[in-house]
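Step one of this worksheet: look at the structure below.
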Amino acid sequence: MNILKEHKKAVIISAAVLVGILAIGTGALSMQVASDKILKGVRVANVDLSGMTKSQALAKLESLDTLKNIRMYYGNQSWKVSASDIDLNINYNSTVDSAYNYNRKNGFFTNLARTLKADLGSKASVALDMNYNDSKLNESLKQVKSKLDSQVKEATLDYDYKTKKTTIVADEPGKTMDLQASHDKLVKNLGTDKFDAEMVVKLEPAKFTKADLKGIDTLLGAYSTVYGGLSSRNYNIEKSTRDSSGIVLKPGQEYSFNGLTGEKTLARGYKAAPVIESGKLVMGIGGGVCQTSSTIFNAALLSGMEITTRRSHTIPSDYVNMGRDATVFDGNPGQDLKFKNPFKHNVYIKNYTYGSKVISEVYGASSDYKNIDIATQVLGSYGGGSKTVSDPSLPAGARVVEKYSRAGYNVVTYRQYKDEKGNLVKSEKIGYSNYPAQVGVVRVGAAKAAKPSKPGQVAPKPQQQAPAPAPGGGQSASPGAGA
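Residue numbering for the sequence shown follows my numbering, beginning at 140 and increasing consecutively.
Shown next as structure tokens:
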């Protein structure tokens, strides 16, 4: 019996407490509803509207600059898009009404619960009543993408020839903004009244970083050649220097000119210019790149690189001495210029054009520097001469040089290591170069001379036709007799 009495007593007390709470809550709710103020803790766009009248809240929201622009950012870069650019419209009156009615528009118990929570310090967010043009939002995002996207920047090395000091320029990753992901993120943020968003960006790391250039502190060797002439040939030289430059070779790693430049095709951006083909100068795609490869070959020799693949042209070039050229061409197997880094430290290859010069530089650790000269020796010359061929299509006495004669040469190339005083310490044979002879051909007219048709009329003199230009000579279409 005592237990039942105690239970009834507890129930009565609980009911009394509940009635008391309801009475207090009802009183508080009645006071709040009767008031013209927004409930405590109600926020719009992260702005506290507690205790404000509708007119005060309206003025507050309309004055916010944060609701007039949308900020898109990445890292320390940011871009602002005006609300008008995307037709963004905020219904401030409707938004304020929603804030005002936060604890007024629902059922009694819901309104009571919200009022009691507010009295206990609870916060509540009311969404902005707004709309915008999604197509225009996408256009704004595309404009940001055009400014944000960037190519990867490899770490590079600058050298001051006066102070003989190197400076490392740090690498930067390539950036590609993900348009759809950035759009979705911004739309999600706008849905929570957040008027900014960090763009979603995919990063492409650099192949060669600042760390790869650490310890590279001196110029091991450099070489330059002079170029000029046909604009297409100049273009090919300039393009191939860019494509083959900025390369870090680790110890034992091999450099491949063709591997870096790729096939010399129109699709890859190369142009038609004179090239050597079967001992003759003809127009071909990529003409001029051999001057780049020859310049790099000499820089590699002077810096102590281990030459693994190289071949001379079939015609001597006029931009380098015989024995110091390096032809390259595509095909299977084709011909490449290759060399390895023989040192225990990284080396850096930098190729560029400056003024009328093609320049190749090889950098490395000062402990790997060698005093190197290049020497060539002509072992002998052979062949040449010309032969005459009777040509009945030419008038008697006429002579046409169809092909110029050219002597052949065998040349050996040496790399000479010297001490600080210039005394020869060691001589290394690099290889042989063969420039085949060419027999000249002169066509001589064999047609019978025309007879005068009338007494006293003189027969016409045979015409001497201009000879074809000699490859590699002053009439060559390019500054070098070859690609």
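Positions of the beta carbon are idealized from the N, C-alpha and C atoms, including for glycine.
The three-state reading of DSSP puts residue 376 in helix, counting H, G and I together. Per DSSP, residue 478 is one residue of the beta strand (DSSP E) stretching across 477-479.
By the criterion of a C-beta distance shorter than 6 Å, residue 242 is surrounded in its chain by 178, 250, 253 and 254, once the five residues flanking it on both sides are discounted.
Residue nearest to residue 292 within the set 176, 276, 299 and 309 is 309 (criterion: CA-CA distance). In this structure, the CA atom of residue 298 is about 36 Å from the CA atom of residue 423.
A Cβ-Cβ distance of about 5 Å is found for the pair residue 315 and residue 341, placing them in contact under the 8 Å criterion. Its Cα nearest to that of residue 238, the residue 184 stands out among 227, 184 and 220. When the beta-carbon positions are compared, residue 527 and residue 376 stay at least 8 Å from each other. Of the residues assessed, residue 436 falls on the buried side of the cut-off, its CB having 16 or more other CB atoms within 10 angstroms. Proximity of the region 319-339 to the region 404-417 falls short of the contact definition, fewer than three beta-carbon pairs being nearer than 8 Å. Taking a contact as a CB-CB distance under 8 Å, the pair residue 366 and residue 495 counts as one, their CB atoms being some 6 Å apart. Between the alpha carbons of residue 475 and residue 302 lies a gap of roughly 35 Å. Taking residue 356 as the centre and dropping the five residues before and after it, the same chain places the C-beta of 305, 504 and 505 closer than 7 Å to its C-beta, in chain order.
The beta strand (DSSP E) runs lying completely inside the region 433-498 and spanning 3 residues or more are 445-448, 477-479 and 486-493, given in chain order. Straight through space, the alpha carbons of residue 451 and residue 554 are spaced by roughly 16 Å. The secondary-structure analysis by DSSP pairs residue 270 across a beta bridge with 228. Counting the other Cβ atoms within 10 Å of the Cβ of residue 577 gives 16 or more, which makes it buried. By the CB criterion at 8 Å, residue 571 and residue 547 fall outside the cutoff.
The criterion of a C-beta distance shorter than 8 Å is not satisfied by residue 465 and residue 442.
Here the region 227-237 makes contact with the region 185-197; the two share three or more CB pairs at distances below 8 Å. Residue 330 sits in a helix when the DSSP states are folded into three classes. Where residue 369 is concerned, there is no enclosing beta strand (DSSP E), because DSSP gives it neither an H nor an E. Counting the other CB atoms within 10 Å of its CB gives residue 276 a total of 16 or more, which places it among the buried residues.
Taking one beta carbon from each stretch, the region 331-350 and the region 399-407 have fewer than 3 pairs nearer than 8 Å; the two do not touch. The beta carbon of residue 212 sits closer than 6 Å to the beta carbons of 337 from its chain, once the five residues preceding and following it are set aside; these are given in chain order.
Taking each of 220, 459, 281 and 387 in turn and checking the Cα distance to residue 294, the smallest one comes out for 387. By the neighbour-count criterion, in which 16 or more other beta carbons inside 10 Å mark a residue as buried, residue 445 falls on the exposed side. Per DSSP, the continuous beta strand (DSSP E) segment holding residue 565 begins and ends at 563-574.
Cβ atoms of residue 525 and residue 580 come within 8 Å of each other, at about 7 Å. Excluding the 5 residues flanking it on each side, residue 261 has same chain C-beta neighbours closer than 7 Å at 180, in chain order. Cα atoms of residue 216 and residue 283: separation of roughly 10 Å, rounded to the nearest angstrom.
The bridge partners DSSP lists for residue 223 come to none. Of the other Cβ atoms in all chains shown, fewer than 16 fall within 10 Å of the Cβ of residue 248; this residue is therefore exposed. In the three-state reduction of the DSSP assignment, residue 208 falls in the strand class, which pools E and B. The three-state reading of DSSP puts residue 345 in coil, since its state is none of H, G, I, E or B. Selection 477, 330 and 438 evaluated against residue 265 yields 330 as nearest (Cα-Cα).
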